[in-house]
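Remarks on the structure that follows.
Residue numbers (full-length UniProt numbering): 1 to 127.
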């Protein structure tokens with residue numbers, strides 16, 4: 001369960017950001033939301049924005065737990081920077097490139113943590 005928190009948080013942030021994109025005027029995510037039929041969630045976009053931030057925090061907790069296993073600071077640093085970018089983009093100034101960078105950073109950090117965990121597990125020899 002601890003290993004999957006980072007992946008769930010990173011992927012969950014991206015998935016929950018798609019329906020929230022239409023009212024935020026984010027063209028790429030809004031077109032994806034329309035293509036998969038999520039534009040019907042438009043009335044709930046205010047709540048969905050909070051879900052994106054909650055998933056980002058879950059990703060940060062998962063990255064911290066992964067860091068305790070593999071001791072690689074870069075995936076954790078990327079996750080923290082991405083979470084801060086998302087929080088800033090949603091609460092202070094809605095800058096599209098910053099939001100996209102934060103979402104992309106969470107996905108990259110989740111993949112990176114998965115690779116580091118597998119690499120760490122391969123190095124351990126059974127006693």
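Glycine included, each C-beta is placed from N, C-alpha and C at the ideal position.
For residue 53, tell me which candidate among 79, 35, 75 has the shortest Cα-Cα distance.
Position 53 of the chain shown holds residue 53. Nearest C-alpha to residue 53: 79.
Nearest-angstrom Cα separation, counted from residue 58 out to residue 100
Residue mapping note: residue 100 aligns to position 100 of the chain shown, counting from 1. Residue mapping note: residue 58 aligns to position 58 of the chain shown, counting from 1. So the alpha carbons of these two residues sit roughly 18 angstroms apart.
Residue 115 in three-state terms, based on DSSP
Here residue 115 corresponds to residue number 115 of the chain shown, with the count starting at 1. In this structure, residue 115 counts as helix in the three-state DSSP scheme.
Where does residue 91 land, buried or exposed, given buried means 16+ other C-beta within 10 angstroms?
Taking the chain shown and counting its residues from 1, the one referred to as residue 91 is at position 91. Per the 10 Å Cβ criterion, exposed.
Go through its chain and collect everything with a Cβ distance to residue 105's Cβ below 6 angstroms, but skip five positions before and after it.
Numbered from its first residue, the chain shown carries residue 105 at position 105. If we look at residue 105 and ignore the five residues flanking it on each side, its Cβ neighbours are 78, 82.
Just confirm the distance between the C-beta atoms of residue 98 and residue 89, as a whole number of angstroms; I'd bet it's less than 8 angstroms.
Counting from 1 along the chain shown, the entry for residue 98 is found at position 98. Counting from 1 along the chain shown, the entry for residue 89 is found at position 89. Contact holds; Cβ gap of about 5 angstroms.
Using DSSP with H/G/I as helix, E/B as strand and the rest coil, what is residue 93?
On the chain shown, position 93 is the one that residue 93 refers to. Three-state DSSP puts residue 93 in coil, outside helix and strand.
Applying the criterion that 16 or more other CB atoms from any shown protein chain within 10 Å of the CB defines a buried residue, is residue 102 buried or exposed?
Working through the chain shown from its first residue, we reach residue 102 at position 102. By the neighbour-count rule (16 or more Cβ atoms within 10 Å), residue 102 is buried.
Reducing DSSP to helix, strand and coil, say where residue 70 ends up.
As a first step, residue 70 is located in the chain shown; it is residue number 70 there, counting from the start. Correct three-state label for residue 70: helix.
Residues in its own chain within less than 8 angstroms of residue 73 by CB, not counting five upstream and five downstream?
The residue given as residue 73 occupies position 73 in the chain shown. 67, listed in sequence order.
Cut-off 8 angstroms between Cβ atoms - residues of its own chain near residue 70, not counting five sequence neighbours on either side:
The residue labelled residue 70 in the question sits at position 70 within the chain shown. Excluding positions up to five away in sequence, the list reads 113, 116, 117, 119, 120.
Alpha-carbon to alpha-carbon, residue 94 and residue 56
As a first step, residue 56 must be located in the chain shown, where it is residue number 56. As a first step, residue 94 must be located in the chain shown, where it is residue number 94. Computed Cα separation, rounded: 16 angstroms.
Would you kindly check if the distance between the Cβ of residue 76 and the Cβ of residue 64 is under 8 angstroms?
Within the chain shown, numbered from 1, the residue matching residue 64 stands at position 64. Within the chain shown, numbered from 1, the residue matching residue 76 stands at position 76. Yes, these two residues count as a Cβ contact at 8 angstroms.
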